[in-house]
Structures are given as C-alpha cells and as structure tokens.
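Take a look at the structure below.
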Amino acid sequence: MSEKKIITKRDVEKVAGLARVEIDESEKEKFAQQLSDVLGYFNELSQLDLKGADVEEVKHLNIDDNQARDDEVRQCAESDREKIRQQFPERKNNYLKVKAVL
Amino acid sequence: MIKELHKKLIKKETTSSQLVKECFEKIKKDNNRLNAFLDTYEEEALQKAGVVDEKISKGEKPGLLEGIPCAVKDNFCIAGKRTTAASKILENYISPYNSTVIEKLSNSGVIFSGKTNLDEFAMGASTEHSAFGVTKNPYDENRVAGGSSGGSAAAVATGMSPWALGSDTGGSIRQPSGFCGVVGMKPTYGRVSRYGLIAMASSYDQIGPITANVEDAAIVLDEICGEDPKDNTTTERSNIKKSFSESLNGNLAGKKIGVVKEFFGQGLDGNVKKIIEERISWAEKQGAELVEVELPYVKYSLAVYYLMVPSEVSSNMARYDGIKYGFSEAVLADSKSKDLLDVYLKSRKAGIGPEVKRRIILGTYALSAGYYDAYYKKAQIVRELIKKDFSRAFEKVDVLVSPTSPSVAFKIGEKTDNPLEMYLADIYTAPINVAGIPAISIPADPVEVEGRKLPVGLQVIGKWWDEQTVLDVAKGLEV
C-alpha cells in the first residue's frame, strides 16, 4: 500500500458531508488510506492518451431504442398506498412526518 | 436437475410437497453452519406445494418450473416479504410489490423457499460485507462462498435449493458460482427486467440464474427474460424467438473458441490456470478451434468499473435517507436528530456498512468538480473502447473463455481490510459487465488446496444477445 494519500482525511470529511453520511473519526483516517489506494489504481486511466481514439463515451449501454411510456398520471390503489405508508418511519394520519428543515 | 424433478412430478414419483420438505431438511441441517439464508418461508412454501400437488393429482400437467423450489437473493423485492439487501438500513423493510422476475416466476408456479445472503446492497465479492454475517463456503468453512450472491450459490451447492436467483454487477453471480462449484449466468445487459431489483449500479446490474447445470440455466433464462415496460433497458430485443433450453446443443465441433491472452497473465493462480488450460485443450480434442485473442483495452476494465460503479452507487444510495422507508435514527428513543439534515446523516451513519460508505464517498468524489473530466468522462470513453475490443474479437470467434476468478475461494478475513485487493477478485468478470455482454461460469475440475478439493470456475463469454452460443459451448465444456 502506498503511504502517500491522494485523498486526505479532510477530503473524506468534506465528501462524506456532501453525500450526507456521517462517519466516525477513526473511520476517516482509514477511509483516506483505503480510498487513496483505489484512486491510485485509477491513475492508469488518467495517464491513458485518448487523443487518437475516435469514439464517443458510452452514454446508454446496449440501448439504441428505448422503453418509454407517456408522461401521464396513473392511479394507485388505496391498498397499495397504505402498504407504502406503512413503511414510513414516522407518519401522522396519511402523511409522512419529517423533522424541521431549518 | 430441473427436468428430472419435473419428470418425477409428472410420473408421480415425487410431489412438490416432498421437494419442499427435502429442501427444508437440508436448510435445517446446513444453514446454521453456512448462513446462506436470511429468511425462509417453510409454511407458505408447503401450502403452495400442496396446491400444485392437487393440480397434478387431478391430471393437470405442471409447467417446467412449477412446484420446484427456488431461493431468492435478498435484493429482489417480494411483495409482503422482508427485503433487506443485507443492510441494517432495510432490516425491517417489507416490500409493497413484486419485482418483475418474481412476478413471472410466481405465475409459472415456482415456489420461493426464502431469501439468501449477499454483500450489503450487492457490493462485494465475498458476502463478508453482509450486515447479517458471512456465508461460508460449503467446501471449506474457513473460506468465503464468494459474492455478492454467496448465499444463493451456497444454497444451490448444498442442495438447500435446486436453483436460485442472483444479480451480477461485476461478477456477483459468476464468481460465487465458481467458488461453490455451481453454474451461474449473467445474461446480456437488457435481457432481463431489473424492475424490483434493488439497484446498485444501473448501467451494470443484470439478473440471472444460479443452477446445478447449464441446461437449468437455459430453462430459467427462458422464463425470466423479455421486454418489460417497467425497465427501460428491456425492449423487443429482450424477447426470445426460440427457447434457449430447447435449442441447447453441446456439440463443440467447429466452434471457434477465443482464448483471451490478457486473462491468463500475471495474478492468475497456477493451479487454476492449469485446470482451465486442460479444459480448453479438451475442447480442442472435441473439435473446437482455439484462437488466441488480444483485448488491448481490457486491462483498464477494473479501473473503469471501480470508477463508474461507485459513481452510480452514490446516486442510487441517496434514497436511503431515513425518511421514506427503512431505518430512521429519528424514531429511536434516544435520537439525537434535531433537524432533517441530522436524520439523513445519523440514519445513514448507523444504517449503512463500511463498504457501502466507502463506495458512496468514492463515487461522490469521482463525480465532483475537477475530477469528473479527468476520470469519469475518460472512463466512459474507455468503456466504449473495451466494447470495441470485444466486438472485434467476436468477428473472429464464437465465444471467449477464461477463468472466472484468479484464485479459488479465499479465506474469510483475508481481504476485508484491503478494498483494492477485494476489487481485484473481479478482474475477469467485471470486463463483461463493462461491455454488457453475456457470460456463464461453469465448474471445471476442482483443485486440491490444504487437503480439500475446491471448485474452479470456467467462464464462457459471448457476444451481445447471443446467450444461445454461450449456453451451447458451456454445455459442451460441462464436466
């Protein structure tokens, strides 16, 4: 394993915050090392010269036609609605209850 | 195996209830030591078997899969059943609906015996990342069953289930099948609807069977494939004109088999190499023509894979936020969440395991400003170049063959602290998902390691939408 870290503990903190994941202090250091190793492995990609490569990047794999439907509201049975509501961690009557945003 | 069981049902040499009972006897005997199943549905399975038996006793002919038990990887939604993806954040989640594949199989009379273990959200190559404990290898309990579909592979290997469903993003069907000595197939991207499969990396995920033999894989694929308005990657092309299982032909004479040079190089275990090369030479004796094939960009596959997959993971995992379903820190008696942001942060902290967190962070980083153009965009271009490598190869050959994995099943704990090492376990399987082509792993001869015979997987790779040739050659190569 390389000791040099491409991604620092502060980077891990920042990115984890953006991704809305809280991580333990002890995990930050460990992740920084582990992710630096993985990112180091990606360097072979960044060093690859693709100037001569006459291709477009992949956007949709194997899809040249697409399964699409009209953008219209479809009805959902009340029994299905209730099944979905039953999965809410917190509810009030038929509403999803959340903490204050601010 | 499926055809034999089907014939026995028709001839009344056994009953569906008997098949279910036999599976549960094995589950009771083996599951405590192997941890392949997370949930089982014995009562319901017996009840459904009774219905099939009654039908047969009235003289009705059952469908090919009807009355035969199947184990389901716990990232498939089954209506009314706990669907955990082996994650704490979904520990008590009850799916309100069926995935398309479950719906199809249910209509075919398949009996679901239970849900099998996996790496959390299918992220891993050993099931060690399951929140509910590792699945052990049936051939050596000190070793992993592989992953992420380790529970399904171990269940089939021990007869706890005649066959099972798995999902494969970078080898998650094929690698555990190789490690456990069973057959596992990843069809072409777009062949099987993923609706109701808990998404990991949407441009890589595909569903497939884990079975006792190649014919069974073809039978299951016949049933599960096809166009579905609920998965936009499936189209008319996903439908089959002729049944894979009825067309199955294991004659190797005249088949052009490409041997991928890059898949026999550094990093491949000597014993595994020898076994695979022996099987390939054997194919030549059966009349197959061997062609050495070079895939120059394939060496970048893992870098492309482990850059793009975490990027897709970071967005697919955003939905597990403690709000709509699953675990929420806010409902705990000693909750420390003061506002909405706290609920996100703390629910994800407690509910998501370390490997999934690593991938979320890695993916978020890869998509961040400054990094996106240098890496992500480049990975997408290289993905196209890898696809082109494969299409050039398939101009010359019918299929490609390689080992499924660079080693036999590794020991529990061997790679858990080193994610990069764990990622390298996917070196021969991930390129297939990068290109979106079909591939199958079949058991070659086992190797003896530390006094135990351990299975070795051989991978047969085919061109887009040509599962038939993959199955045919696999049938021919089957021991």
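Residue numbers (numbering that gives the first Met the number 0), protein chains in the order written: chain A, 0 to 101; chain B, 0 to 478. The beta carbon of each residue, even a glycine, is placed where N, CA and C say it ideally should be. Values in this document were obtained by computation on a predicted structure and should not be read as measured data.
Give the residues of chain A in contact with residue i, contact being defined as C-beta atoms less than 8 Å apart.
i: Asp-338 (chain B); result: Lys-98, Ala-99, Val-100, Leu-101
i: Ser-367 (chain B); result: Val-14, Leu-17
i: Thr-115 (chain B); result: Under the 8 Å cutoff, chain A gives no residues; its nearest Cβ is about 22 Å from Thr-115 (chain B).
i: Lys-345 (chain B); result: Glu-21
i: Tyr-305 (chain B); result: Val-37, Tyr-40, Phe-41
Interface residues of chain B around residue i at Cβ under 9 Å?
i: Ser-45 (chain A); result: Ala-373, Tyr-374, Lys-377
i: Asp-48 (chain A); result: In chain order: nothing, as chain B lies at least about 10 Å away.
Need the endpoints of the beta strand (DSSP E) that residue i sits in, please.
i: Cys-22 (chain B); result: Cys-22 (chain B) -> not in any beta strand (DSSP E); alpha helix (DSSP H) instead, spanning 15-33.
i: Thr-39 (chain B); result: 36-39
i: Val-133 (chain B); result: Counting along the chain, Val-133 (chain B) falls outside any beta strand (DSSP E), and DSSP gives it neither H nor E.
i: Leu-399 (chain B); result: 398-402
i: Asn-141 (chain B); result: 139-143
i: Glu-3 (chain B); result: Run containing Glu-3 (chain B): none in the beta strand (DSSP E); it sits in the alpha helix (DSSP H), 1-9.
Helix or strand or just coil, what does DSSP make of residue i?
i: Cys-76 (chain B); result: coil
i: Trp-463 (chain B); result: coil
i: Asp-23 (chain A); result: coil
i: Gly-456 (chain B); result: strand
i: Asp-388 (chain B); result: helix
i: Val-181 (chain B); result: coil
i: Leu-251 (chain B); result: coil
i: Gly-80 (chain A); result: Reading off the sequence shown, one finds Arg at residue 80 (chain A), where the question assumed Gly. Looking at Arg-80 (chain A) - three-state DSSP - the assignment turns out to be helix.
i: Asp-118 (chain B); result: coil
i: Pro-418 (chain B); result: helix
i: Leu-95 (chain A); result: strand
i: Asp-215 (chain B); result: helix
i: Ala-31 (chain A); result: helix
i: Glu-226 (chain B); result: coil
i: Met-0 (chain A); result: Low local confidence applies: a pLDDT of 43 at Met-0 (chain A) is under 50, so the model's placement there is unreliable, with the coordinate-based value given in what follows. Three-state DSSP puts Met-0 (chain A) in coil, outside helix and strand.
i: Pro-413 (chain B); result: The sequence shown places Glu at residue 413 (chain B), not Pro. It is coil, neither helix nor strand.
i: Ser-440 (chain B); result: strand
i: Ser-237 (chain B); result: helix
i: Ile-5 (chain A); result: coil
i: Tyr-108 (chain B); result: Inspection of the sequence shows that residue 108 (chain B) is occupied by Gly rather than by Tyr. The answer is coil: DSSP assigns Gly-108 (chain B) none of H, G, I, E or B.
i: Asp-167 (chain B); result: strand
i: Ile-256 (chain B); result: strand
i: Ile-480 (chain B); result: Look at the range of chain B in this structure, 0 to 478, and you will see that residue 480 (chain B) is not part of it.
i: Ile-93 (chain B); result: strand
i: Leu-196 (chain B); result: strand
Residues of chain A with a CB under 7 Å from the CB of residue i: which are they?
i: Val-342 (chain B); result: Lys-98
i: Leu-384 (chain B); result: Ala-52, Val-54
i: Arg-357 (chain B); result: Phe-30, Gln-33, Leu-34
Is the beta carbon of residue j closer than 7 Å to that of residue i?
i: Gly-189 (chain B); j: Ser-237 (chain B); result: yes
i: Val-71 (chain B); j: Lys-114 (chain B); result: yes
i: Phe-243 (chain B); j: Ala-282 (chain B); result: no
i: Ala-443 (chain B); j: Ile-274 (chain B); result: yes
i: Ala-44 (chain B); j: Ser-112 (chain B); result: yes
i: Leu-196 (chain B); j: Ile-206 (chain B); result: yes
i: Asn-141 (chain B); j: Thr-126 (chain B); result: no
i: Glu-261 (chain B); j: Val-297 (chain B); result: yes
i: Val-259 (chain B); j: Val-292 (chain B); result: yes
i: Asn-231 (chain B); j: Gln-66 (chain A); result: yes
i: Val-155 (chain B); j: Ile-223 (chain B); result: no
i: Val-57 (chain A); j: Arg-193 (chain B); result: no
Whose Cβ in chain B lies nearer than 8 Å to the Cβ of residue i?
i: Ala-67 (chain A); result: Asn-231
i: Lys-8 (chain A); result: Result: empty, since nearest Cβ-Cβ is about 12 Å, beyond 8 Å.
i: Glu-89 (chain A); result: Ser-327, Ala-329, Val-330
Could you check where the alpha helix (DSSP H) with residue i kicks off and where it finishes?
i: Arg-9 (chain A); result: 8-17
i: Gln-205 (chain B); result: No alpha helix (DSSP H) holds Gln-205 (chain B); the beta strand (DSSP E) holding it covers 205-210.
i: Ser-151 (chain B); result: 149-156
i: Ala-365 (chain B); result: 353-365
i: Gly-350 (chain B); result: 339-350
i: Ala-302 (chain B); result: 300-315
i: Glu-291 (chain B); result: That residue, Glu-291 (chain B), is in no alpha helix (DSSP H); its beta strand (DSSP E) goes 288-292.
i: Ser-327 (chain B); result: Looking at the DSSP string, Ser-327 (chain B) is not in any alpha helix (DSSP H), and its letter there is neither H nor E.
Along chain A, in chain order, which residues have C-beta atoms closer than 9 Å to that of residue i?
i: Asp-388 (chain B); result: Residues of chain A passing the Cβ test: none, with the nearest at roughly 11 Å.
i: Tyr-299 (chain B); result: Glu-43, Leu-44, Leu-47
i: Ser-313 (chain B); result: Ala-18
i: Ser-480 (chain B); result: Coverage of chain B is limited to positions 0 through 478, which leaves residue 480 (chain B) absent and any answer about it impossible.
Chain B partners of residue i, CB-CB under 7 Å?
i: Lys-82 (chain A); result: Pro-95
- Query: Do the segment 28-48 of chain B and the segment 72-81 of chain B touch if we need at least three Cβ pairs shorter than 8 Å?
  - Reply: The segment 28-48 of chain B is in contact with the segment 72-81 of chain B.
- Is the segment 323-336 of chain B touching the segment 448-455 of chain B, taking contact as three or more C-beta pairs under 8 Å? They do not touch, by the three-pair rule.
- Message: With three or more beta-carbon pairs closer than 8 Å as the criterion, would you say the segment 16-26 of chain B touches the segment 57-77 of chain B?
- Response: Between the segment 16-26 of chain B and the segment 57-77 of chain B, the count of Cβ pairs shorter than 8 Å is three or higher; the stretches touch.
- Message: Check whether the segment 293-302 of chain B and the segment 427-440 of chain B are in contact - that is, three or more C-beta pairs closer than 8 Å.
- Response: Counting Cβ pairs under 8 Å, three or more are found: they touch.
- Query: Is the segment 353-360 of chain B touching the segment 17-26 of chain A in the sense that three or more CB pairs, one from each, lie closer than 8 Å?
  - Reply: Because the criterion of three Cβ pairs below 8 Å is met, the segment 17-26 of chain A and the segment 353-360 of chain B touch.
- Message: Between the segment 399-406 of chain B and the segment 261-269 of chain B, can you find at least three pairs of beta-carbon atoms closer than 8 Å?
- Response: Three or more beta-carbon pairs drawn from the segment 261-269 of chain B and the segment 399-406 of chain B are found closer than 8 Å, and the two stretches are therefore classed as touching.
- Message: Within 8 Å, do at least three Cβ pairs link the segment 7-17 of chain B to the segment 50-58 of chain B?
- Response: Short answer: they touch.
- Is there contact between the segment 334-346 of chain B and the segment 460-470 of chain B, where contact requires at least three CB pairs shorter than 8 Å? With a cut-off of 8 Å, the segment 460-470 of chain B and the segment 334-346 of chain B do not count as touching, because too few Cβ pairs lie within range.
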